[in-house]
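**Student:** Those letters in the sequence shown? Residues 95 to 298, by this note's numbering.
A virtual CB, placed ideally from N, CA and C, is assigned to each residue, including glycine.
Treat the numbers as computed from the prediction; the structure is a model and nothing was measured.
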Amino acid sequence: MTNQAMPSIPLKDLVEDIRGCTLCKPHLPHGVRPIVQLTQSAKVLIIGQAPGRRVHESGIPWDDPSGDRLREWMQVTKELFYDSTKIAIMPMGFCYPGTGKTGDLAPRKECATTWHDVILKQLPNIQLTLLIGQYAQKYYLKPLEPKTNKNLSLTERVRAWENYLPNYLPMPHPSPRNQIWLKKNNWFERDVVPYLRQKIKSAL
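#1: Report yes if the CB atom of M186 is closer than 8 angstroms to the CB atom of Y229, and no otherwise.
#2: Report the rounded CA-to-CA distance for P104 versus T116, giving the unit in angstroms.
#3: Are the CB atoms of I141 and L263 within a distance shorter than 8 angstroms?
#4: What is the DSSP secondary structure of V287, counted as helix, strand or coil?
#5: What residue range does the alpha helix (DSSP H) around T249 cover?
#6: The alpha helix (DSSP H) that contains L105, what's its start and end?
#7: Just grab the DSSP bridge partners of D198 for me.
#8: Quick check on P264: does DSSP put it in helix, strand or coil?
#9: Just verifying my parser: in three-state terms, what is the DSSP assignment at N97?
#10: Taking N261 as the reference, give the member of Y234, I181 and F175 with the closest Cα.
#11: Using only the alpha-carbon positions, how far apart do Q216 and L174 sit?
#12: Output yes or no for whether 8 angstroms exceeds the beta carbon distance between G192 and L290.
#13: Are the region 200–216 and the region 119–135 in contact at 8 angstroms, needing three or more beta carbon pairs?
#14: Assuming contact is defined by CB atoms lying nearer than 8 angstroms, are P266 and W255 in contact in what I supplied?
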């Protein structure tokens, strides 16, 4: 089923449908476990990549070292981060895709095309959307960019973060594996993180 064919239903029922989704089951070596956090009153939306193994096992989004760093960047407690009335979480892929030769596989594309538009229509109060990682940024920011043959890199999009405000804030992935990028691009934590904290505090 595509989002064009899906009727509008209450968000509570939509979340139940998502958690029962088996659309990608044949492609998921560790089984299906869609992980989202959604309520209509949420003011901040986090769109990342896909759950990792640890999150797949716990069923709690960003329940790993990446989540610890993300909460530090946002300057929020775990209690606030997991308050679904304030923060919504909708990854590009809702289930853990498994591991490849160089790390976790890419998020399955079916989730965004099937569910994202339908979910966004049920989130009328979002003031800021955090786009974490290249998959979320390409999906949401590329349609807003000038039509050229050049595909912008994650670094280029994050460096141009002010161009995507006030709706979107592109961010690198907070994974410990990204430490080299953060050291090389220390302007992110110097310039972008303070803005992020101020916007989060204002919204919440």
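**Tutor:** On the basis of the data shown:
#1: Here the question's residue 186 lines up with position 92 in the sequence shown. Here the question's residue 229 lines up with position 135 in the sequence shown. Yes, these two residues count as a Cβ contact at 8 angstroms.
#2: Counting from one through the sequence shown, the residue named residue 104 turns up at place 10. Counting from one through the sequence shown, the residue named residue 116 turns up at place 22. Roughly 20 angstroms separates the two Cα atoms.
#3: For the purposes of this step, residue 263 is taken as the residue at position 169 of the sequence shown. For the purposes of this step, residue 141 is taken as the residue at position 47 of the sequence shown. With contacts defined as CB atoms closer than 8 angstroms, L263 and I141 fail to qualify as a contacting pair.
#4: Position 193 of the sequence shown, counted from the first residue, corresponds to residue 287. It is helical.
#5: Here the question's residue 249 lines up with position 155 in the sequence shown. Boundaries of the alpha helix (DSSP H) around T249: L248 to R253.
#6: Sequence index remark: in the sequence shown, residue 105 carries index 11 (1-based). Note, L105: alpha helix (DSSP H), L105 to R113.
#7: By one-based count along the sequence shown, residue 198 stands at place 104. T193.
#8: Counting from one through the sequence shown, the residue named residue 264 turns up at place 170. The answer is strand: DSSP assigns P264 an E or B state.
#9: Here residue 97 refers to the residue found at position 3 when the sequence shown is read from its first residue. The predicted position of N97 is uncertain, since its pLDDT is 45 and thus under 50; a value taken from the coordinates is nonetheless stated next. Looking at N97 - three-state DSSP - the assignment turns out to be coil, as it is neither helix nor strand.
#10: Translated into the one-based positions of the sequence shown, residue 261 becomes position 167. When each option's Cα is compared against that of N261, the closest is Y234.
#11: Translated into the one-based positions of the sequence shown, residue 216 becomes position 122. Translated into the one-based positions of the sequence shown, residue 174 becomes position 80. Roughly 21 angstroms separates the two Cα atoms.
#12: Locating residue 192 in the sequence shown gives position 98, where the first residue counts as 1. Locating residue 290 in the sequence shown gives position 196, where the first residue counts as 1. Not in contact: G192 and L290 (Cβ atoms no closer than 8 angstroms).
#13: Yes: the two stretches touch, three or more of their Cβ pairs being nearer than 8 angstroms.
#14: Position 172 of the sequence shown holds residue 266. Position 161 of the sequence shown holds residue 255. Using a Cβ distance threshold of 8 angstroms, P266 and W255 do not count as a contacting pair.
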